[in-house]
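Scroll down for the structure; my scribbles are underneath it.
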Amino acid sequence: MMTILTETAAADATSSVLAARKAHNAKLSANADKKRAVWFPIAFLAALLVLPALQFTGNYNYVLHLVLFTACYVTMASGWNILGGFTGYISLGHNVFFAIGGYFAGMIFARYGISTIILAPFAGLLCAFVGYLIGSVTLKTRGPSFIISSLALVMIARILFDHWQFVGGANGVALKSNDLSVEWAKLPYYYAFVILAAFSVWASYKIKHSKLGLGLRAISKDEIKAESAGIDTRTYKVLAFAVSGAFVGMAGAIWGEYLTYIRPNIFLIILVSVNMVLMCILGGKGTIAGPVIGAILIIAFNELFVATLGASELNILATGVLMVVVLLFFPLGIVGTLARHHRLPRILNWD
Amino acid sequence: MLKVNGLCKYFGGIKAVDGCTFNVDRGSITALIGPNGAGKTTAFNCISRTAAPTKGEVWLDGERIDHLRPHKITQRGLSRTFQISRNLADMTVLENVICQSKIGGWRDLMKPAMSTQEIDKAMGILDFLGITRIAYEDGSNLSYGQKKLMDLAALLMSDPKIILLDEPAGGVNPTLLEEIVGHIRKLNDQGMTVLIVEHNMDLIMRLSHRIVVMAQGKVIAEGEPAEIREDPLVLDAYLGGVLEDAA
């Protein structure tokens, strides 16, 4: 009798504990959803889409240029983030895809007059293919060796493009500018870049939450464990490389026509790829909002220091110092560190 | 079910595993024991292809698997844990576990990872192991024993036919040890084949149906716990002191 009583009591206790646990877990997962403010990125995008209306009231070409430039870097940094942030493979050679995209679309534009905005997706496909090939070789190394291999990639590409006469060698090729009047000339590129940036952010969100993304994150933490967990690490890594290259390539395609010039020292300077990396690190590697915040901050500070300190080396120094200071207080990047301390404002929680 | 035939792994001049041959029967708990440096973990690594064997064959259900890549082996139904728990920091326990779930193919890749289906399955496993309370905990915040349990949970997520446990009881307290033993036994009752490396003799003697003893990269004895206890070769190489003390 006694034992039966205690048993039923114990069973009751277990089931109530189980129920409590279930409720607790449900609350935790609901909490994660509630913390997200989906309206903010959408409202932000909408604001950017109506921004060119400013042109009716005066000449705001500089503002449009800055937004466009930032959007270009958001696309590239988000793309880089897929490989560097999610997968943990730091590449300093992603400007190669910028060049491949730019040259591919630029040359077709120069010869056949097809707008690079239409060509951008194809440039992306080409870059994905090239990324797949390069990745299958270089991703066999990891850590410092991989970084060096990516630097070597830039040098090889630079030498190749400097001496390839078909694409104008070191002089490059001048592209025709469009026929729109001055205040509207930037508009097609503006919209192309803003939409591309939005697409890259959306895509990196999708990837992060997919099985692929989970696998990539596992690879970045412990590749041997990921492998024994049944993840095809080689394929995953190469896919990440291809996808991230595709985004950078799409940005490069449009960038060439926007500048009306394709030339190796526009695309294949190390500053471009370093910028991508710095933006991700400043904003928070492996987060969705990180590259966006990083791109906005770095470009804003660059402009600020150029305006106040002049276009000397001093402005670069100031950006560098600022970067160091920020990273002292936000070692995981701004978004990453805030999220770690549960201090991330809801509007920036895009993960 | 699992057949290891003449497995060798050389590191330069060191023969870590040197012609290791043994079988694991379906539905059994087989233990791999031996003194430190006997090559148990290396043998494990070669079977799961975490390291490439120098030569030798590994057969799983009549299929040769020693040339396959590690993820393929896991997909064939052979999963392992690591001696020093390898967990994925910055990911929750749930993500750690779901990470190990099977992936059908290309079309599966872009499906959401944390679907209700997966979460339910993972939660079921965590519940079986009694650790649902840490499901949303960061993997790096766990205690050593909890990490071992999480490893076990992740292992089960891949629906294995045979599991290789590398020192599941290493560094855990006696209460948790009993718990882990209970889980292994329960899994075995459900038909799971288990190959286990362990230093805790008491656990091995109680748990395993069959014991394979390795020393210096070779299998020196094989048999039931009672036989192994009596085997002079084993006593000489390894068990002697321990058992005499116990008696």
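Sequence lines, in order, name chains A and B. According to the numbering used here, the first sequence is numbered sequentially starting from 109. According to the numbering used here, the second sequence is numbered sequentially starting from 459. All C-beta atoms in this analysis are idealised placements derived from N, C-alpha and C, irrespective of residue type, glycine included. This one's a predicted model, so the numbers in the text were calculated from it and none came from an experiment.
Inset, instruction - Please classify THR416 of chain A: is it buried, with 16 or more other beta-carbons within 10 angstroms of its beta-carbon, or exposed? - result: As a working mapping, residue 416 of chain A is identified with position 308 in the first sequence. When all chains shown are included, THR416 of chain A counts as exposed.
Legend entry - Test: ARG522 of chain B CB closer than 8 Å to a CB of chain A: Counting from one through the second sequence, the residue named residue 522 of chain B turns up at place 64. Output row for ARG522 of chain B: interface = no.
Legend entry - Sub-8 Å separation of ALA489 of chain B and VAL670 of chain B beta-carbons: As a position in the second sequence, residue 489 of chain B is number 31, starting the count at 1. As a position in the second sequence, residue 670 of chain B is number 212, starting the count at 1. Cβ distance < 8 Å, so ALA489 of chain B and VAL670 of chain B count as in contact.
Inset, instruction - Identify whether LYS619 of chain B lies in helix, strand or coil by the three-state DSSP scheme. - result: Position 161 of the second sequence holds residue 619 of chain B. Here LYS619 of chain B sits in coil by DSSP.
Legend entry - Range of the contiguous beta strand (DSSP E) that encloses PHE469 of chain B: In the second sequence, counting from the first residue as 1, residue 469 of chain B sits at position 11. Segment 460-469, the beta strand (DSSP E) holding PHE469 of chain B.
Inset, instruction - Output, in chain order, the set of chain B residues within a Cβ distance shorter than 9 Å of ARG325 of chain A. - result: The residue given as residue 325 of chain A occupies position 217 in the first sequence. Those are LEU546, ASP548, MET549, GLU553 and CYS557, listed as they occur along chain B.
Legend entry - Minimum C-alpha distance to LEU172 of chain A - residue among A:ALA185, A:ALA155, A:GLY187 and A:MET184: As a first step, residue 172 of chain A must be located in the first sequence, where it is residue number 64. Among A:ALA185, A:ALA155, A:GLY187 and A:MET184, the Cα nearest to that of LEU172 of chain A belongs to A:ALA155.
Inset, instruction - State yes or no: is the C-beta of TYR369 of chain A within less than 8 Å of the C-beta of GLY280 of chain A? - result: Residue numbering aside, residue 369 of chain A sits at position 261 when the first sequence is read from its first letter. Residue numbering aside, residue 280 of chain A sits at position 172 when the first sequence is read from its first letter. It is a contact, given that the beta carbons lie within the stated cut-off.
Inset, instruction - Can you check DSSP and say which residues form a bridge with MET672 of chain B? - result: Taking the first residue of the second sequence as 1, we reach residue 672 of chain B at position 214. Looking at the DSSP assignment, MET672 of chain B forms a beta bridge with B:VAL677.
Inset, instruction - Work out the CA separation of GLN163 of chain A and TRP292 of chain A for me, nearest whole Å. - result: Looking up residue 292 of chain A in the first sequence gives position 184. Looking up residue 163 of chain A in the first sequence gives position 55. Cα to Cα, TRP292 of chain A sits roughly 8 Å from GLN163 of chain A.
Legend entry - Residues from the stretch 237-254 of chain A in contact with chain B, defined by Cβ distance under 7 Å: none
Legend entry - Same chain, Cβ closer than 8 Å to VAL443 of chain A, five either side skipped, listed in chain order: On the first sequence, residue 443 of chain A is found 335 positions in, with the first residue counted as 1. So the list reads GLY391, GLY392, THR395, ALA397, GLY398, ILE401, LEU452 and LEU456, once near-sequence residues are dropped.
Inset, instruction - Assuming GLY196 of chain A contacts ILE332 of chain A (C-beta within less than 8 Å), just tell me the rounded distance between them. - result: Sequence index remark: in the first sequence, residue 196 of chain A carries index 88 (1-based). Sequence index remark: in the first sequence, residue 332 of chain A carries index 224 (1-based). That pair is no contact at about 13 Å.
Legend entry - Neighbour flag for THR499 of chain B against chain A, beta carbons, 8 Å: Here residue 499 of chain B is taken as the residue at index 41 of the second sequence, counted from 1. THR499 of chain B does not count as touching chain A.
Legend entry - Check whether SER381 of chain A and ASN203 of chain A have beta carbons under 8 Å apart: Position 273 of the first sequence, counted from the start, is the residue given in the question as residue 381 of chain A. Position 95 of the first sequence, counted from the start, is the residue given in the question as residue 203 of chain A. Contact: yes.
Legend entry - 7 Å Cβ cut-off: residues of chain A touching ALA571 of chain B: Within the second sequence, the letter at position 113 stands for residue 571 of chain B. By Cβ distance, chain A contributes HIS317, SER318, LYS319, GLY321 and LEU322.
Inset, instruction - Please report how far the alpha carbon of LYS467 of chain B lies from the alpha carbon of SER537 of chain B, in whole angstroms. - result: Stepping through the second sequence from its first residue, residue 467 of chain B is reached at position 9. Stepping through the second sequence from its first residue, residue 537 of chain B is reached at position 79. Whole-angstrom Cα-Cα distance: 20 Å.
Legend entry - Proximal residues to SER336 of chain A (C-beta, below 6 Å), its chain only, five neighbours per side dropped: The residue you call residue 336 of chain A lines up with position 228 of the first sequence. If we look at SER336 of chain A and ignore the five residues flanking it on each side, it has no Cβ neighbours.
Legend entry - Residues in the stretch 391-402 of chain A having any Cβ partner in chain B nearer than 7 Å: none
Legend entry - TRP418 of chain B - containing beta strand (DSSP E), residue span: Residue 418 of chain B falls outside the range modelled here, since chain B spans only 459 to 705, and no answer is possible.
Inset, instruction - Could you tell me which chain B residues have their CB closer than 7 Å to the CB of SER336 of chain A, listed as they occur along the chain? - result: Position 228 of the first sequence, counted from the first residue, corresponds to residue 336 of chain A. Within 7 Å Cβ-Cβ: SER506, THR508, PRO528, THR532 and ARG538.
Legend entry - 7 Å CB neighbourhood of ALA446 of chain A in its chain, flanking five on each side removed: Here residue 446 of chain A corresponds to residue number 338 of the first sequence, with the count starting at 1. According to the sequence shown, residue 446 of chain A is Leu rather than Ala. Cβ neighbours of LEU446 of chain A beyond the five flanking positions: LEU452.
Legend entry - beta strand (DSSP E) segment containing LEU536 of chain B, residue limits: Numbered from its first residue, the second sequence carries residue 536 of chain B at position 78. Per DSSP, LEU536 of chain B belongs to the beta strand (DSSP E) from 536-538.
Legend entry - Per-residue contacts from ASP566 of chain B into chain A (C-beta, under 7 Å): Here residue 566 of chain B refers to the residue found at position 108 of the second sequence. Under the 7 Å cutoff, chain A gives LYS319.
Legend entry - Between the CA atoms of ARG507 of chain B and ASP524 of chain B - distance to the nearest angstrom: The sequence position of residue 524 of chain B within the second sequence is 66, counting from 1. The sequence position of residue 507 of chain B within the second sequence is 49, counting from 1. Their Cα atoms are separated by approximately 7 Å.
Inset, instruction - Indicate whether GLY492 of chain B and ALA627 of chain B have their beta-carbon atoms separated by less than 8 Å. - result: One-based indexing of the second sequence puts residue 492 of chain B at position 34. One-based indexing of the second sequence puts residue 627 of chain B at position 169. Taking 8 Å as the Cβ cut-off, GLY492 of chain B and ALA627 of chain B do not qualify as a contacting pair.
Legend entry - Interface partners of ILE332 of chain A on chain C, CB under 9 Å: No chain C is part of this structure, whose protein chains are labelled A and B.
Inset, instruction - Find out if the Cβ-Cβ distance for the pair PHE212 of chain A, ALA231 of chain A is shorter than 8 Å. - result: In the first sequence, residue 212 of chain A corresponds to position 104, counting from 1. In the first sequence, residue 231 of chain A corresponds to position 123, counting from 1. Contact flag set, yes.
Inset, instruction - Could you have a look at CYS557 of chain B and say whether DSSP puts it in helix, strand or coil? - result: Here residue 557 of chain B is taken as the residue at index 99 of the second sequence, counted from 1. Looking at CYS557 of chain B - three-state DSSP - the assignment turns out to be coil, as it is neither helix nor strand.
Inset, instruction - Would you identify the three-state DSSP class for ALA474 of chain B, choosing helix, strand or coil? - result: Taking the first residue of the second sequence as position 1, residue 474 of chain B is located at position 16. Note: ALA474 of chain B maps to strand in three-state DSSP.
Inset, instruction - Return no unless some Cβ of chain B is closer than 8 Å to the Cβ of LYS329 of chain A. - result: On the first sequence, residue 329 of chain A is found 221 positions in, with the first residue counted as 1. Closer than 8 Å: yes.
Inset, instruction - Answer with yes or no whether the minimum CB distance from ILE669 of chain B to chain A is below 8 Å. - result: Start at 1 with the first residue of the second sequence, and residue 669 of chain B comes out as number 211. Not closer than 8 Å to any Cβ of chain A, the Cβ of ILE669 of chain B fails to qualify, so no.
Legend entry - C-beta neighbour in chain B for ASP340 of chain A, strict 8 Å: Taking the first sequence and counting its residues from 1, the one referred to as residue 340 of chain A is at position 232. Cβ-Cβ to chain B under 8 Å: yes for ASP340 of chain A.
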